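Trainee: Below is the structure I would like to discuss, written out as structure tokens.
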Amino acid sequence: MKAKEILASCLILVLPVITHAFDCGYDGYKGCATAQIEQIGFNNEANIETSGINKESIVQEGFENNAVIKQIFALFGNYASILQFGYRNSAYQNQTGINNYVYAEQVGSFNSIVQNQSGNGNIATAKQFGVGNTAVQNQYTSFNSASVVQIGFYNRAYQFQGLTGTTGNKSNLTQIGYGVLNIIIQ
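In mature numbering (1 follows the signal peptide of the UniProt record, and there is no 0), the protein residues as written are -21 to -1, 1 to 165.
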């Protein structure tokens, strides 16, 4: 008798999840929001906050890494991904608008990436390998493309697109070395 009660309790707990899973793609609804967080190590922190039909992914391996993805007022088609391997890396991504793509990858220690996108159809990628690198990418208008690759120690890259209201800006920045600073304003 006890086994039947436990089985009935399990079914009651599972049914709402199964019912909710069928809501995606039902009755003309074209997609679903998906969020994935995978962490291996100690004291890693990850936070995903989204609205709309978007995809987010955070993968962290190491110690004391911090990752945040925010997609508020982001209706659909946005993709945000953070990969961090090492010690005390931090990444922050913020998207509003539609059809934006943002990617951050860090290998090493004490690296920091901040990426903000508003508008539509923007692409931003940042990859950092080393120690103490900083990358900031802000896209204020639509159809901009920005990428940064930093290899080494204490490099800093700042890219701002659409500050003057222009759209369709493109920039690719690669820095290898120690203590290099670049600022790109479009």
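From the three backbone atoms N, C-alpha and C, an ideal C-beta is built for every residue, glycine too. As the structure is a computational prediction, the values presented were derived from the model and not from experiment.
Mind checking who A59 pairs with in its DSSP beta bridge?
Mentor: Locating residue 59 in the sequence shown gives position 80, counting from the first residue. In the DSSP output, where bridge partners are listed per residue, A59 has E35, V81.
Trainee: Answer yes or no: do F122 and G147 have a C-beta to C-beta separation smaller than 8 angstroms?
Mentor: Numbered from its first residue, the sequence shown carries residue 122 at position 143. Numbered from its first residue, the sequence shown carries residue 147 at position 168. Yes, they are a contact pair.
Trainee: Rounded to whole angstroms, what's the CA-CA distance from G98 to I16? Just pull it up for me.
Mentor: As a first step, residue 98 is located in the sequence shown; it is residue number 119 there, counting from the start. As a first step, residue 16 is located in the sequence shown; it is residue number 37 there, counting from the start. G98 and I16: Cα-Cα distance of roughly 26 angstroms.
Trainee: Consider the C-beta atom of I37 and the heavy atoms of the ligand GDP; say whether any pair is separated by less than 7 angstroms.
Mentor: No copy of the ligand GDP occurs in the structure displayed, which carries no ligand at all.
Trainee: Judging by CA-CA distance, which residue of I130, L142, F64, I51 is the nearest neighbour of E28?
Mentor: For this step, residue 28 is matched to residue 49 along the sequence shown. Cα-wise, what sits closest to E28 is I51.
Trainee: For a test of the three-state rule: what should DSSP assign to T29, helix, strand or coil?
Mentor: The residue given as residue 29 occupies position 50 in the sequence shown. Note: T29 maps to strand in three-state DSSP.
Trainee: For T145, collect the residues of the same chain with a Cβ closer than 7 angstroms to its Cβ; drop the 5 residues on either side in sequence, then sort them by chain order.
Mentor: Here residue 145 refers to the residue found at position 166 when the sequence shown is read from its first residue. So the list reads T120, Q165, once near-sequence residues are dropped.
Trainee: In three-state DSSP terms, what is V159?
Mentor: Here residue 159 refers to the residue found at position 180 when the sequence shown is read from its first residue. Three-state DSSP puts V159 in coil, outside helix and strand.
Trainee: On a Cα-Cα basis, can you pick out the residue from I92, T13, N161, V159 that is closest to residue 214?
Mentor: Past the boundaries of the shown model lies residue 214; the chain is included only from -21 to 165, so the question cannot be answered.
Trainee: Hey, out of L152, V86, F132, whose CA is closest to Q116's CA?
Mentor: Residue 116 sits at position 137 when you count from the first residue of the sequence shown. Comparing Cα-Cα distances from Q116 to each of L152, V86, F132, the minimum goes to L152.
Trainee: Could you tell me which residues DSSP pairs with A105 in its beta bridges?
Mentor: In the sequence shown, counting from the first residue as 1, residue 105 sits at position 126. Note: A105 sits in a beta bridge opposite A83, V127.
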